[in-house]
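Residue numbers (this note's numbering), protein chains in the order written: chain A, 697 to 856; chain B, 279 to 388.
Glycine included, C-beta positions come from ideal geometry on N, C-alpha and C.
If you're wondering where the values come from, they're calculated on a predicted model, not measured in any experiment.
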Amino acid sequence: MPVVKSYKDAEALTLTVVAEFAAPVERVWQVWEDPRLLERWWGPPGWPATFERHEFVVGGRCAYYMTGPGGERSRGWWRITAIEPPRRLEFDDGFADESGEPQLEGTVIHGVVTLEPQETGTRMTIVCRFDDAAAMEQMLAMGMEEGITQSAGQIDDLLG
Amino acid sequence: MVVRELSDADADRIFHALADATRRDIIARVAREGLSVSALAQHYPMSFAAVQKHVAVLHRAGLVHKERRGREQVVQARPATLRRAIELLEAYERIWRQRVDGIDRLLAEE
Chain A
697 MPVVKSYKDA EALTLTVVAE FAAPVERVWQ VWEDPRLLER WWGPPGWPAT FERHEFVVGG
757 RCAYYMTGPG GERSRGWWRI TAIEPPRRLE FDDGFADESG EPQLEGTVIH GVVTLEPQET
817 GTRMTIVCRF DDAAAMEQML AMGMEEGITQ SAGQIDDLLG
Chain B
279 MVVRELSDAD ADRIFHALAD ATRRDIIARV AREGLSVSAL AQHYPMSFAA VQKHVAVLHR
339 AGLVHKERRG REQVVQARPA TLRRAIELLE AYERIWRQRV DGIDRLLAEE
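Written out as structure tokens, the structure is:
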């Protein structure tokens, strides 16, 4: 299993996920840097992502939408706050309205991605911090949607 | 699946209540059976009053309810609220586990 550990800090509203991949740091960085690769894993199962804008520089913006099983679209944005290829990426992630503009009142998740070389490949650590509990509440709604759209095969993958 | 909608203040209280190790331990104990505050206090190296304060924080967050039995207050877990709080944290973790699996599959393809 690529996820080696995860921990949740309820007080700091932080989720940390540590994963290991059998690939060098440069290749793992590519799955973030190349929007065509990024869109193959960013959306939950049944909700593939399409990145229309992907500015991988400090202050750069990304805009994407995820397409649901009924053709409905859920839009999101990133703002890159720090970047040190191929080791570190910091970005804010939030929901957007139909025109792709950030929702002012919406959830913002602060993400920090760190890649470290290992003997067997790459260790990726993701730290996600929520501004408040309401932000987590919004994510739960998404988590449930995902649970409903999962096919039996995907549930088997999770359990296996 | 949705037990009920929580307000922001509700959710903040739940996370604050669960952030403390003693309070998490109290919940684990009262989830098995209702216990009086004095029975709970025997398990911790702190005063009865301090344990009572922890119980009050859990009560305000809706994680436990208190019932008077004779001269004692019996504390019991409220599983529905607790489940909701755990769901909040786990939902986002699940999303990330799926993303990590997706990256892993992608890297294996090339």
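Item, Value
"When DSSP labels each residue in this structure, what does B:Glu-387 get in the three-state scheme?", "helix"
"Of the choices A:Phe-747, A:Thr-818, A:Ile-822, A:Phe-826, whose alpha-carbon is the least far from that of A:Glu-716?", "A:Thr-818"
"With a cut-off of 8 Å, do at least 3 Cβ pairs link the stretch 728 to 748 of chain A to the stretch 372 to 385 of chain B?", "yes"
"Any beta carbon of chain A sitting closer than 8 Å to that of B:Asp-303?", "no"
"Hey, does A:Lys-704 have any beta-carbon neighbour from chain B nearer than 8 Å?", "yes"
"Where does B:Phe-326 fall in DSSP's three states?", "helix"
"Taking the alpha helix (DSSP H) that A:Pro-813 falls in, what are its first and last residues?", "No alpha helix (DSSP H) holds A:Pro-813; the beta strand (DSSP E) holding it covers 804 to 814."
"Short of 6 Å in beta carbon distance, which residues of its chain neighbour A:Arg-825, apart from the five on each side in sequence? Order them along the chain.", "Thr-710, His-806"
"When you compare each of A:Glu-797, A:Tyr-703, A:Val-714, A:Pro-698 to A:Thr-810 by their alpha carbons, which one comes out closest?", "A:Val-714"
"Please determine whether the Cβ atom of B:Ala-369 lies at a distance below 7 Å from any heavy atom of the ligand GTP.", "For the ligand GTP, the structure offers nothing, since it holds no ligand at all."
"Have a look at A:Thr-712, A:Lys-704, A:Ser-702 and flag the residue whose alpha-carbon is nearest the alpha-carbon of A:Val-823.", "A:Thr-712"
"When you compare the CB of A:Cys-824 with every CB in chain B, is at least one pair closer than 8 Å?", "yes"
"What is the rounded straight-line gap between the Cα of B:Ile-373 and the Cα of A:Trp-743?", "12 Å"
"Tell me whether the beta-carbon of B:Leu-385 lies closer than 8 Å to the beta-carbon of A:Arg-732.", "no"
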